[in-house]
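To start, the structure under review is shown below, and the notes come after it.
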Amino acid sequence: MGCADVIPGVSGGTIAFILGIYSDLLSGIQAFNLDFFQLLLKGKIKKAFSLIPWGFLLPLFLGILCAISLLAKLVHFFLNDPFLSLILFSLFTGLIVASCYCLLKEVKVFDKVFLCFCTLGILCGFGFSSIKPYENSESYYQMPMESYTEKNNWDGFSLKNYQEPNQMLVNLSKKEVSHLLVKYPELKDAEVVDMRNSLVLNSASFTSKENLKEYSFLFLFACGFLGSAAMLAPGISGSYLMLIIGVYPFLIASYVSFLEGVFAFHLDLGILFSLLSFLLGVLVGFACFSRTLSYVLKHYYKVTFSLISGFIIGALRALWPFWEYSYRIDPLHLEKGPVLQKMGLKLLPKSFGDALTFTLLFSLAFFAVISLEKIKKKNS
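Counting in numbering that gives the first Met the number 0, the final residue of the sequence shown is number 379, and the numbers go up one at a time with none missing.
Take a look at the structure:
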């Protein structure tokens, strides 16, 4: 699950569903219920914590944290090279396809109900994974990068959104400009230019409290609520959903601004309120969706199983290893340097070497999962 969380387009919920621990995960989250918090408030801490299945949740979340900590940089390294991306996505495609095959073997009868809801899930999964979060109709600002000194690793790349001769980062949205100005102090005096009319804008207007607190409590609560659903639902990535909604840059900028305020002993209550609004939405979402998903899996198992299976199959588009690529600078993480961005899906590999690599690694992952499934059945 931790490995999946650092792969764009893959969610930990997908892996939990495939591994057969999804129901246990939902039950574990549901253990943090009203009784638990009432006991905590009464000071009965030992009794409250006895309600939680720590034997399941603790090693699970420790494993997730360890995987994210150990693999995040490695995965980023793989994702930043076309051939290494091919290796990574070939393995994950084989893993997911084999897991879907094992799941579908559990279906006794492929009747109209299953086919109808599975098809609906495939269409939804494919549609969701087709959305491009980087495409923004309001990305018409540009900023000079002369004052940002960590550009050594930018050389030698043909970058989609960076003009090397004049050191200008282009095609930025308003939220991305706000994030850059808040996160990178050396850019605070940079002249922001509106590319539509070449008008130089005051950078302070992008970092004003009014701009950072542009979103209402209800909107941020709703984003947190939806984000929690994406974290729990198989086939959906929570951060990917926040990128699509457009709130991810705001959340990052607000979080950085909040941390800077804490270290400077100056707490901005407005930004704190925004972050707490989002967090409250996440917590309420976990409480609601874990129960909702458990209920529908229990009472409408076939329909839910069909939808989830279809969604996972449809979302495989995000893992397809053959793409046209270009490099760009991620305005949210300048320090990462040029990052590889998918541009256009290719149905076929561009060379025999790519086809052979995909076939070998896909087969390796596929048969590894099938073998593990046979061992699991034999032991049980």
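For glycine and all other residues, C-beta sits at the position ideal for the given N, C-alpha and C.
Item to check | Option in Leu64, Lys297, Leu33 and Pro58 with minimal Cα separation from leucine 50 | outcome: Leu33
Cα separation between lysine 212 and valine 246? In this predicted model, lysine 212 has a pLDDT of only 48, less than 50, meaning its place in the structure is not dependable enough to derive any value.
| task | With a floor of 3 residues, list each beta strand (DSSP E) that falls wholly inside the segment 176 to 200, ordered by position along the chain. | result | 191 to 193 and 198 to 200
What whole-angstrom Cβ distance do serine 175 and proline 58 have, given they're in contact under 8 Å? The identity of residue 175 in the sequence shown is glutamate, whereas the question assumes serine. Not confirmed; about 39 Å, so no contact.
Lysine 376 to leucine 18, Cα distance in whole Å? 13 Å
DSSP beta-bridge partners of methionine 142:
Leu168
Original post:
What number of angstroms, rounded off, separates the C-alpha of serine 308 from the C-alpha of glutamine 166?
Top reply: 47 Å
- Message: Between which two residues does the beta strand (DSSP E) holding arginine 327 run?
- Response: 322 to 328
| field | Exposure label - histidine 298; buried when at least 16 CB within 10 Å | value | exposed
field: Where histidine 332 falls, given that 16 or more other Cβ within 10 Å makes a residue buried
entry: exposed
Just reading off the alpha helix (DSSP H) that lysine 45 is part of, what are its end residues?
44 to 48
Q.
Please report the straight-line C-alpha distance between isoleucine 20 and proline 164, rounded to a whole angstrom.
A. 53 Å
Does the Cβ of leucine 225 have 16 or more other Cβ atoms within 10 Å, making it buried, or fewer, making it exposed? buried
Note to self: In whole angstroms, give me the CA-to-CA distance for phenylalanine 321 and leucine 359.
What the structure shows: 15 Å
> Going by Cα to Cα distance, which pick from Phe91, Leu250, Ile67 and Val281 is closest to glycine 269?
Replying inline: Leu250
Margin query: According to DSSP, simplified to helix, strand and coil, what is valine 338?
Written below: strand
What are the partner residues of glutamine 29, as DSSP defines its beta bridges? According to DSSP, which records beta bridges pairwise, glutamine 29 is partnered with nothing at all.
Exposure label - valine 281; buried when at least 16 CB within 10 Å = buried
**Asked** Apart from the five residues on each side of it in sequence, which residues of its chain come closer than 8 Å, Cβ to Cβ, to arginine 195?
**Response** Tyr139
Using CA atoms only, rank isn't needed, just tell me which of Glu259, Thr92, Trp153 and Cys287 is closest to asparagine 79.
Trp153
**Prompt:** Would the beta-carbon of isoleucine 95 fall within 8 Å of that of leucine 315?
**Reply:** yes
Can you give the Cα-Cα distance for glutamate 334 and phenylalanine 88, rounded to whole angstroms?
24 Å
Quiz prompt | Residue from Val283, Ala263 and Leu258 whose Cα sits closest to the Cα of leucine 271 | solution = Leu258
Should glycine 62 and glycine 126 be called a contact, given that it needs their Cβ atoms to be closer than 8 Å?
-> no
For a quick check, are the C-beta atoms of alanine 381 and glycine 12 less than 8 Å apart?
Only positions 0 to 379 of the chain appear in the structure, and residue 381 is not among them; the question remains open.
- Query: Taking the continuous alpha helix (DSSP H) assigned at methionine 230, which residues delimit it?
  - Reply: 216 to 231
| query | Under a three-way DSSP split, which group does leucine 158 fall into? | reply | strand
- prompt: Buried or exposed: where does proline 52 fall if 16 or more other Cβ atoms within 10 Å of its Cβ makes it buried?
  reply: exposed
Does DSSP classify glycine 126 as helix, strand or coil? helix
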